[in-house]
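Undergrad: Let me give you the structure first, and then I'll get to my questions.
Residue numbers (our numbering), protein chains in the order written: chain D, 2 to 221; chain C, 20 to 719.
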C-alpha cells in the first residue's frame with residue numbers, strides 16, 4: 002500500500018480548498034454570505050473530509066496504525082485515545098508544554114497541535130518506539146542514570162526533544178540543549194538533571210554531583 | 020528499640036530510581052493512561068459566571084448528541100435555584116465515546132441563570148461596600164489575634180524599628196497530570212484509578228460518594244503525575260466521574276483540562292502582610308507585630324485534605340521574639356478554593372519575615388547572616404548558616420545594598436526554614452517465594468518522590484540483596500494501608516514499616532529454613548527450603564526509626580537587569596537537615612525541585628483575576644509562567660547527615676526559603692526592595708523608578 006498517497010491527496014485538497022476560497026471570495030463580492038457557503042460546499046464537495054470518521058493510516062514506530070477518525074482528531078488523541086500508545090502525555094493540549102512531543106520524520110512536534118489525518122505518510126516516532134529489542138536508547142539510559150525524572154509525566158516529551166536534537170546535532174552545547182528543551186515544561190523541577198542527561202547522552206563531560214553530606218556530629 | 024543498620028550499602032546511596040525504566044519508555048501507566056474495556060471520555064460543564072443563581076440546567080440536547088452515553092448534574096445542581104460562587108464551579112457533566120462528541124455536547128448544555136454581583140480581588144473584597152460572597156457574613160473575617168507580652172511598650176524599648184508591607188500571590192499547583200480519575204462504577208465491582216496523593220483516601224471518598232461499603236471499592240494508582248498538595252480528596256470531579264460511570268454503565272475517564280486546573284482544584288492562598296519589627300542595640304529581636312489578610316477563595320480553605328490551606332501562616336516564623344502581636348484575617352472572593360500547597364503557609368511566612376529581617380539588618384548595619392545567627396533559636400540552622408555562608412562565599416560576595424555598578428546589578432540574600440515531617444501508621448506485607456524472589460506490598464503512593472525506590476533500598480540492605488531483586492508494589496488498596504503523601508511524611512511513615520516487615524521476614528525465613536543467617540549469599544538457599552509455600556509476613560511502623568523537625572537555610576545570588584527589569588537567579592546554595600537520607604539520588608532531585616518551585620514563586624507565578632469579568636485571566640501556560648530549563652540556576656546542595664535521628668522527610672522544607680532568599684538578593688542588588696511576589700520585570704522597573712509617568716504602578 003502507498004504510504005504517501007493519503008498525505009498527498011489531503012495536501013492537494015487543502016491547497017485546492019484555499020485556492021477555491023480565493024476564487025469564491027472574488028465571485029461573491031456582492032453575494033450573500035449563505036451563497037458563498039453554498040458555493041464553497043459545492044466546490045469542495047468531494048474534497049472535504051468529515052464531519053464523520055474517515056480511514057486514517059499512521060506509520061507509528063515502524064508499524065502501520067489503521068484507525069477511523071473524525072478529521073478534527075489530533076495526532077495526540079489518535080495515539081492516546083484511539084490506540085494504546087499513552088507514552089505521549091496530554092498536559093496543556095494547546096502547544097505550550099511539550100509533554101506530547103513526538104517525532105514526525107525525525108522532527109519534534111507537539112502532537113496535540115497536529116491533526117492525525119495531516120500526519121499520514123510521515124514516519125512517527127513515540128517514546129514507546131525508542132528502545133530497540135528491549136535495549137534502551139542511550140538517551141533513555143542517561144535519563145535513568147542522572148535521575149532526570151521525578152513524577153515522570155514530562156519525561157517522554159523531554160526524551161523526544163533531546164532525541165530529535167541529537168539526531169540533528171550529535172554534540173550539542175549546554176545552550177543548544179536548553180534551546181531544544183525550551184518548549185518542554187516540568188513541574189517537579191528535573192531541569193538540572195535533564196541537562197546533565199542530555200549532555201551525558203551526547204558524550205559530553207558532565208560535572209560530577211557536587212552534593213556534599215556533612216556529618217552534623219562533627220560540626221563545631 | 021529498633022535501629023537502622025550501622026553498615027549501609029544502599030541506604031543513603033545513589034542507587035537508581037527503580038521505576039525509572041517504566042517512565043522513560045512510556046510503559047508507566049498513569050490514571051490518565053489506563054483504558055478499561057469500553058471506557059468513555061468524561062467532561063465537566065463549568066459555571067461561566069463568577070456568581071449566579073443557577074435557575075435551571077437543561078441537559079436534553081446534550082444527551083441527544085451521537086456518542087453521548089450519559090449526562091448528569093454536579094452534586095447540589097440537580098436542585099433548582101442553587102448559587103454558584105465562582106467562575107469554573109462544576110455544574111454538570113457528560114460522558115461520550117469520543118472527546119469530539121463531548122465537546123459538541125458541552126456546547127448544547129443550556130443554563131438559565133440570574134447573574135449576581137461578585138468580587139474577585141482581595142483589596143476590593145475586604146471593603147464593606149463590595150458585594151458579599153456569602154450573604155450572611157462579611158467578606159473579611161474577624162482577625163484572629165495572638166498576643167504575647169506588652170508589644171507597644173516593647174516597641175518603645177527598641178533601638179531600631181522597621182516596618183514593611185509585603186504581598187504574595189495566589190499560586191496554582193499545576194501538576195502536569197491534571198486532576199482526575201478513571202472510574203468503573205457501572206457494575207457490582209467498583210474500580211477507580213485516581214491521580215492521587217492518598218490511594219486509601221480516594222477509595223474511602225468514592226465509597227462515600229456512592230454510598231457503598233468501602234470493601235466494594237478498589238483503588239489503583241501505581242504512577243501519578245504530580246500533586247504538590249492538591250490531590251488528597253477525590254474532589255468534585257471524582258464524584259462526578261462516578262455518577263457518569265453509573266449512569267452510562269461503563270468506565271469513564273474524566274481528566275480535567277489545563278484550563279480547569281486554574282479554576283477549581285486548589286491554590287496557595289495569597290497574603291497581604293503589614294509587619295513591624297524592632298530590635299535592641301545588640302541586634303536581638305524584641306518586638307514584632309503582624310497584621311495580615313489573604314484569600315483562600317470563596318471558602319476558608321481550612322478543610323482541605325493533607326494540611327491546612329487557610330491563609331494564616333506562622334509568624335514571626337522561625338524566630339522567637341519576646342513580644343508579639345499577630346492579627347490574621349481571611350477574605351473571601353468569588354474564586355476557586357485553596358488546597359494544601361507544598362509546605363502550606365511557610366513560603367508565605369518566610370517571604371514576609373525574612374524580608375523585614377533584611378530591612379532590619381540594613382537599618383542596623385549588621386550583616387544579614389550575622390543577624391540571623393544572632394536571633395535564630397535553632398542550633399541546627401545556626402550551624403547551617405555558618406556552613407552555607409562559607410560554601411557560598413558570602414563574606415566575599417556581600418556588598419552594601421545598591422552598591423552594584425552598571426545596569427545589570429548583582430546581589431545576594433539568604434533565608435531559613437523549618438518543617439515538621441515525620442510520620443507514622445504505615446503497614447506493609449512481604450512475600451518470600453521459594454525461588455528467592457521477594458515482594459513488598461504497601462498501599463502508599465509514589466508521587467515521583469521516590470517512595471518505591473526507598474522501599475527497595477531498605478529491603479536490599481536489610482536482606483543483603485540488590486535493589487533490583489526486590490519487587491515493590493504500591494498504590495493498590497488490596498495492599499496493607501498507608502497514609503496520604505503530604506507534609507513530607509511518606510518516607511518517615513513508610514521506611515519503618517519496611518524495616519519491620521523485612522526484619523520479621525528474615526527472622527521467619529531463618530526459623531523455617533533452619534539457616535542461621537539467610538541474608539545475602541544464603542538467601543536463595545534458605546528460600547528453597549520453604550518447599551512450595553511462599554512465606555508471608557506483615558509489618559508496621561515502629562517507634563525509633565523516624566523523627567520530625569527539619570531545618571534548612573538557602574543562599575541566593577541574582578542578576579537584575581535594571582533596563583529590562585529581568586531577574587536571573589545565578590546560584591542557590593541549600594543546606595538542609597534531613598535526618599537519615601535513605602535515597603540520596605531521589606533526595607537530591609527533590610531538593611532541586613523544591614528550589615526551582617521556590618524560584619517560580621519568587622519570580623514568575625501568579626494567578627491573575629479580572630476585576631470586571633471575574634475570570635482567571637491566565638488559565639494556561641502561555642500566561643501562567645512556569646520556569647523552564649534555561650531559568651534553572653546552579654544548585655549546590657549540602658545535606659547534614661544525622662542518621663541517629665532516623666528518617667524525617669525533605670520534600671517541603673527545601674521549597675520554603677528560596678523565594679525569600681531570592682527576594683532579599685534582588686533587594687541587595689537594587690538597593691530598593693520589591694515588596695510583592697512575583698518579582699516581575701514591571702515591579703523591578705517600578706521599584707527603580709523607571710515606570711513613573713509610563714504606566715500605573717504594579718498593583719500592590
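Using N, Cα and C, we set each Cβ at its ideal position, and we do this for glycine too. These numbers were taken from a predicted model, which means no experiment stands behind them.
#1: Using the Cβ count rule (16 or more neighbours within 10 Å means buried), how would you classify residue 24 of chain D?
#2: Chain D partners of residue 645 of chain C, CB-CB under 9 Å?
#3: Please confirm whether residue 89 of chain D and residue 127 of chain D have their CB atoms less than 7 Å apart.
#4: I'd like the ranges of any alpha helix (DSSP H) spanning at least 4 consecutive residues and lying wholly in the stretch 522-563 of chain C.
#5: Which of the three DSSP states, helix, strand or coil, is assigned to residue 287 of chain C?
#6: Identify the residues that DSSP records as bridge partners of residue 461 of chain C: which are they?
#7: Could you give the C-beta distance for residue 80 of chain C and residue 129 of chain C, rounded to a whole number, given that I count them as a contact under 8 Å?
#8: So what's residue 101 of chain C in DSSP terms, helix, strand or just coil?
#9: Rounded to the nearest angstrom, what separates residue 141 of chain D and residue 643 of chain C at their Cα positions?
#10: Between residue 28 of chain C and the rest of its own chain, which residues show a CB-CB distance below 7 Å, the 5 nearest in sequence each way excluded?
#11: At a Cβ threshold of 7 Å, is residue 107 of chain D touching chain C?
#12: Can you tell me which of D:191, D:167, D:147 and D:51 puts its alpha carbon nearest to the alpha carbon of residue 207 of chain D?
#13: Spell out whether any CB of chain D is found under 7 Å from the CB atom of residue 44 of chain C.
#14: Find the residues of chain C that neighbour residue 49 of chain D, judging by a C-beta separation of less than 7 Å, and give them in chain order.
#15: In whole angstroms, what separates the C-alpha of residue 29 of chain D from that of residue 50 of chain D?
#16: From residue 164 of chain D to residue 174 of chain D, what distance separates their C-alpha atoms?
#17: Using 8 Å as the Cβ pair cut-off and three pairs as the minimum, do the stretch 335-342 of chain C and the stretch 88-97 of chain C touch?
#18: For residue 109 of chain C and residue 503 of chain C, I'd like the C-alpha separation in whole angstroms.
#19: Where does residue 352 of chain C land, buried or exposed, given buried means 16+ other C-beta within 10 angstroms?
#20: Given that a residue counts as buried once 16 or more other Cβ atoms are within 10 Å of its Cβ, and exposed if not, what is residue 38 of chain C?
#21: Which term fits residue 74 of chain C, buried or exposed, when burial requires 16 or more other beta carbons within 10 angstroms of its beta carbon?
#22: Determine the burial state of residue 608 of chain C: buried for a count of at least 16 other Cβ atoms within 10 Å of its Cβ, exposed for fewer.
#23: Is it right to say residue 347 of chain C is buried, meaning 16 or more other beta carbons lie within 10 angstroms of its own, or is it exposed?
#24: Any residues in the stretch 643-674 of chain C with a beta carbon nearer than 7 Å to a beta carbon of chain D? Which ones, in chain order?
#25: Enumerate in chain order the residues of its own chain whose CB-to-CB distance from residue 65 of chain D is below 6 Å, with the five nearest sequence positions on each side excluded.
#26: How long is the line joining the alpha carbons of residue 661 of chain C and residue 414 of chain C, rounded to whole angstroms?
#27: With burial defined as no fewer than 16 other Cβ atoms inside 10 Å of the residue's Cβ, what is the status of residue 372 of chain C: buried or exposed?
#28: Can you grab the Cα-Cα spacing for the pair residue 278 of chain C / residue 589 of chain C, in whole Å?
#29: Distance, Cα to Cα, residue 316 of chain C vs residue 140 of chain C?
#30: Once DSSP output is grouped into helix, strand and coil, what is the label at residue 87 of chain C?
#31: May I ask you to report which of helix, strand or coil DSSP gives residue 303 of chain C?
#32: Tell me whether residue 57 of chain C is buried or exposed, calling it buried when 16 or more other Cβ atoms sit within 10 Å of its Cβ.
#33: I need the DSSP call for residue 223 of chain C, collapsed to helix, strand or coil.
#34: Classify residue 314 of chain C: buried if its beta carbon has 16 or more other beta carbons within 10 angstroms, exposed otherwise.
#35: Write down the C-beta distance between residue 746 of chain C and residue 459 of chain C rounded to the nearest angstrom, noting that I regard them as a contact closer than 8 Å.
#36: Would you kindly work out how many angstroms separate the C-alpha atoms of residue 659 of chain C and residue 301 of chain C, rounded to a whole number?
TA: Reading from the atomic positions:
#1: Confidence at residue 24 of chain D is low in this model, with a pLDDT of 48, below 50, so its placement is unreliable and the value that follows should be read with caution. Residue 24 of chain D is exposed by the Cβ-count criterion.
#2: Under the 9 Å cutoff, chain D gives 98, 186, 187 and 188.
#3: Cβ distance < 7 Å, so residue 89 of chain D and residue 127 of chain D count as in contact.
#4: Fully enclosed alpha helix (DSSP H) runs of no fewer than 4 residues occupy 542-547 of the stretch 522-563 of chain C, in order along the chain.
#5: Reduced to three states, the DSSP call for residue 287 of chain C is strand.
#6: Residue pairing from DSSP places residue 461 of chain C in a beta bridge opposite C:493.
#7: For residue 80 of chain C against residue 129 of chain C, the beta-carbon gap comes to about 7 Å, under 8 Å, which counts as contact.
#8: Collapsing the DSSP output to three states places residue 101 of chain C in a strand.
#9: Just so you know, the alpha carbons of residue 141 of chain D and residue 643 of chain C end up roughly 30 Å apart.
#10: Around residue 28 of chain C: 480.
#11: For residue 107 of chain D, the answer is no, since every Cβ of chain C falls outside 7 Å of its Cβ.
#12: The residue from D:191, D:167, D:147 and D:51 with its alpha-carbon nearest to that of residue 207 of chain D is D:147.
#13: The beta-carbon of residue 44 of chain C is placed less than 7 Å from the nearest beta-carbon of chain D.
#14: Those within 7 Å of residue 49 of chain D in chain C number zero; the least Cβ separation is about 16 Å.
#15: Residue placement at residue 29 of chain D cannot be trusted, given a pLDDT of 46 that sits under 50; what the coordinates show is reported in the next sentence. Going from the Cα of residue 29 of chain D to the Cα of residue 50 of chain D covers about 24 Å.
#16: Straight-line Cα distance between these residues: approximately 14 Å.
#17: Contact between the stretch 335-342 of chain C and the stretch 88-97 of chain C is absent, because fewer than three Cβ pairs lie under 8 Å.
#18: A direct Cα-to-Cα measurement between residue 109 of chain C and residue 503 of chain C gives close to 25 Å.
#19: Result: buried.
#20: With at least 16 other beta carbons inside 10 angstroms of its own, residue 38 of chain C counts as buried.
#21: Under this definition residue 74 of chain C is an exposed residue.
#22: The residue in question, residue 608 of chain C, is buried, as its Cβ has 16 or more Cβ neighbours within 10 Å.
#23: Buried.
#24: Contact annotation: in the stretch 643-674 of chain C, residues whose CB is within less than 7 Å of a CB in chain D are 645, 647, 648, 649, 651, 654, 655, 656, 657, 658, 659, 660 and 661.
#25: Excluding positions up to five away in sequence, the list reads 58.
#26: Answer to the nearest angstrom: the Cα atoms are 27 Å apart.
#27: Classification of residue 372 of chain C: buried, given that the 10 Å Cβ count is 16 or more.
#28: For residue 278 of chain C and residue 589 of chain C, the distance between alpha carbons rounds to 32 Å.
#29: So the alpha carbons of these two residues sit roughly 10 Å apart.
#30: Here residue 87 of chain C sits in strand by DSSP.
#31: It is coil, neither helix nor strand.
#32: The residue in question, residue 57 of chain C, is exposed, as its Cβ has fewer than 16 Cβ neighbours within 10 Å.
#33: Per DSSP, reduced to three states, the secondary structure at residue 223 of chain C is helical.
#34: So residue 314 of chain C counts as buried.
#35: Absent from the structure is residue 746 of chain C, since the part of chain C shown begins at 20 and ends at 719.
#36: Taking the straight line joining both Cα atoms gives about 30 Å.
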